[in-house]
Amino acid sequence: MSSFLRPLAYRHRWIYDLVTAVSSLSVGGVARLRGLGLEALGPHLNPDAAVLDLCCGSGEAAAPWLEAGYRVTGLDISPRALALAAQRHPAMTRVEGLAEDPPLADGSFAAIQLSVALHEFPRSDREAVLRSCLRLLQPGGWLVVVDLHPAGPWLQLPQQLFCALFETDTATAMLEDDLPAQLKQLGFSAVNQELLAGQALQRITATRSAASTS
Numbered sequence: 001m002s003s004f005l006r007p008l009a010y011r012h013r014w015i016y017d018l019v020t021a022v023s024s025l026s027v028g029g030v031a032r033l034r035g036l037g038l039e040a041l042g043p044h045l046n047p048d049a050a051v052l053d054l055c056c057g058s059g060e061a062a063a064p065w066l067e068a069g070y071r072v073t074g075l076d077i078s079p080r081a082l083a084l085a086a087q088r089h090p091a092m093t094r095v096e097g098l099a100e101d102p103p104l105a106d107g108s109f110a111a112i113q114l115s116v117a118l119h120e121f122p123r124s125d126r127e128a129v130l131r132s133c134l135r136l137l138q139p140g141g142w143l144v145v146v147d148l149h150p151a152g153p154w155l156q157l158p159q160q161l162f163c164a165l166f167e168t169d170t171a172t173a174m175l176e177d178d179l180p181a182q183l184k185q186l187g188f189s190a191v192n193q194e195l196l197a198g199q200a201l202q203r204i205t206a207t208r209s210a211a212s213t214s
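Numbering (full-length UniProt numbering), first residue to last: 1 to 214.
Following this line, the structure appears as structure tokens:
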């Protein structure tokens, strides 16, 4: 369940943008939030690497990758979001489909980004999304997940308020779970977790080893 503000924020873009701007202050602003994936994986990738922005929405988190010269594909289930992405980021290849079962070939990408999206999925679907990432990555490819994490004392109350107003039960489940442990269990290696924004945000990087299977 979520409050009436969540559908309202998605219906009226200015509300969504305002919520994003306020919630990103603790990490250094919207531009830094959207660049966290590239910041983490850029040093590991060739300049023209193929990158998938999974659950890309209107493509805002894909923008830093495009500006850096990567070949970016964005996948989303929403035709409306993809239409907006086409206007804002025409260089991004857009694919409509489910993140749990993307209509994309195995081993297609050197890197996959999930930017503040994984918490939207129930636990069982979240596992399916992560298995899809493992399948779509090239051996040695990288995954970066930026998402919610239980906040430290200073931001605990604001985080609870934010989740009550704008998120659903799936976000609460994310806060209860150990995502790095889940990635290791699924077969990812070199799993590294960084806590940001007063611990309210986690950035996790992981690789698909040559021995990993989907």
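Built from N, CA and C at the ideal position, the CB exists for glycine as well. Keep in mind that this is a model prediction, so the values were computed, not measured.
Residue range of the unbroken beta strand (DSSP E) whose run includes residue i
i: residue 113; result: 109-115
i: residue 40; result: Run containing residue 40: none in the beta strand (DSSP E); it sits in the alpha helix (DSSP H), 30-41.
i: residue 169; result: No beta strand (DSSP E) contains residue 169, which is instead part of the alpha helix (DSSP H) from 169-176.
i: residue 75; result: 71-76
Same chain, Cβ closer than 7 Å to residue i, neighbours up to 5 away in sequence not counted
i: residue 37; result: 61, 113, 115, 144, 146
Contacting residues, own chain, Cβ-Cβ under 8 Å from residue i (five flanking each side not counted)
i: residue 34; result: 60, 61, 63, 64, 115
i: residue 189; result: 206, 207, 208, 209, 212
Boundaries of the alpha helix (DSSP H) in which residue i is found, first to last residue
i: residue 64; result: 63-67
i: residue 125; result: 123-136
i: residue 183; result: 179-186
Residue i in three-state terms, based on DSSP
i: residue 200; result: coil
i: residue 100; result: coil
i: residue 208; result: coil
i: residue 139; result: strand
Beta carbon of residue i nearer than 8 Å to that of residue j
i: residue 220; j: residue 210; result: Nothing about residue 220 can be read from this structure; the chain reaches only from 1 to 214.
i: residue 105; j: residue 129; result: no
i: residue 135; j: residue 186; result: no
Neighbourhood of residue i by C-beta distance below 6 Å, restricted to the same chain and skipping five residues each side
i: residue 133; result: 112, 143
i: residue 183; result: 191, 206
Inset, instruction - Count the C-beta pairs between the segment 115-125 and the segment 81-92 that are closer than 8 Å, then say yes if the count reaches three, no if not. - result: no
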